Amino acid sequence: MTDSITVFDTVTAFMAAMNRHQAARWSPQSGVDLVFQFGDTGRELMMQIQPGQQYPGMLRSLLARRYQQAAECDGCHLCLNGSDVLILWWPLPSDPGSYPQVIERLFELAGMTLPSVSIAPAARVQTGNGRARSLR
1 MTDSITVFDT
11 VTAFMAAMNR
21 HQAARWSPQS
31 GVDLVFQFGD
41 TGRELMMQIQ
51 PGQQYPGMLR
61 SLLARRYQQA
71 AECDGCHLCL
81 NGSDVLILWW
91 PLPSDPGSYP
101 QVIERLFELA
111 GMTLPSVSIA
121 PAARVQTGNG
131 RARSLR
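Numbering (the UniProt record's numbering), first residue to last: 1 to 136.
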């Protein structure tokens, strides 16, 4: 496993890190993390869902979807660790072309909506004084 994992604020930056095969973490919402890293079997993507973000019956629903969609979810593993964090783990091929689809599948399997691409606050130049300011 990777010792240090860079945390990214946007899915775009997270995907760019994945394409570079750089260990990365992105939190699309509070209590939910996506982690890309190198494990025992090569590249892997994990979705970690903290207990406070799990709805009643979530594990049962996930197991049912995993069973019903066995072909589409081939290779995906589910586990509940000792801290009750629900983990969906998927080994990845070396070609990053399939990574966006795997991310979508993880969200679908978890019964969650993939957040739209978030863009970091932009800066623009004010006319007249040449200073940049945040659009926030």
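The C-beta atom is built at its ideal place from N, Cα and C for all residues, glycine as well.
Nothing here was measured: the structure is a model prediction, and the numbers come from that model.
Straight-line gap, residue i to residue j (C-alpha atoms, nearest Å)
i, j, result
"residue 9", "residue 107", "18 Å"
"residue 46", "residue 102", "10 Å"
"residue 18", "residue 55", "29 Å"
"residue 42", "residue 67", "25 Å"
"residue 57", "residue 104", "21 Å"
"residue 21", "residue 96", "8 Å"
"residue 123", "residue 7", "The pLDDT assigned to residue 123 is 31, lower than 50, so where the model puts this residue is not dependable; a value taken from the coordinates is nonetheless given after this. The straight-line gap from Cα to Cα measures roughly 22 Å."
"residue 72", "residue 90", "12 Å"
"residue 70", "residue 27", "27 Å"
"residue 37", "residue 93", "12 Å"
"residue 113", "residue 29", "10 Å"
Residues bridged to residue i (per DSSP)
i, result
"residue 29", "32"
"residue 104", "BP columns for residue 104 are empty, so no partner."
"residue 46", "35 and 89"
"residue 8", "26"
"residue 77", "89"
Which listed residue (the options) has its alpha carbon closest to that of residue i
i, options, result
"residue 88", "11, 15 and 75", "75"
"residue 44", "71, 112 and 99", "99"
"residue 33", "86, 20 and 111", "86"
Check whether residue i and residue j have beta carbons under 7 Å apart
i, j, result
"residue 23", "residue 5", "yes"
"residue 25", "residue 35", "yes"
"residue 78", "residue 62", "yes"
"residue 51", "residue 84", "yes"
"residue 65", "residue 109", "yes"
"residue 53", "residue 82", "no"
Cβ-based burial, residue i [other Cβ within 10 Å; buried from 16]
i, result
"residue 14", "buried"
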